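Worksheet for the structure shown next.
Numbering (mature numbering (1 follows the signal peptide of the UniProt record, and there is no 0)), first residue to last: -21 to -1, 1 to 65.
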């Protein structure tokens, strides 16, 4: 009986931490970005927009990614800018 209560409490804490982490990540995404649980590792940038997208390992990456119509200004850590600005 005690094991069941402890398991329930641990399970509830895991769910709370998961929900809180999603909320925090959503708040830290910048303009033109959205949080994704399974985004593409190889993000398009201003420098490579004209080059066909290189072969990318299609492993899921968690974090903020540019929304459609936007690309990274320099690298994967820079701001998302509209493609038409390139």
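Even glycine gets a Cβ: it sits at the ideal position worked out from N, Cα and C.
If you're wondering where the values come from, they're calculated on a predicted model, not measured in any experiment.
For secondary structure counted as the beta strand (DSSP E) over 3 or more consecutive residues, the stretch 8 to 49 holds these complete runs in sequence order: 12 to 19, 39 to 45. Residue 24 counts as buried, since no fewer than 16 other beta carbons sit within 10 angstroms of its beta carbon. Contact check for residue 50 and residue 43: beta-carbon distance about 14 angstroms, past the 8 angstroms limit, so the pair fails to qualify. The beta-bridge partner set that DSSP reports for residue 61 consists of 49. Spanning the alpha carbons of residue 45 and residue -20 requires a straight line of approximately 47 angstroms.
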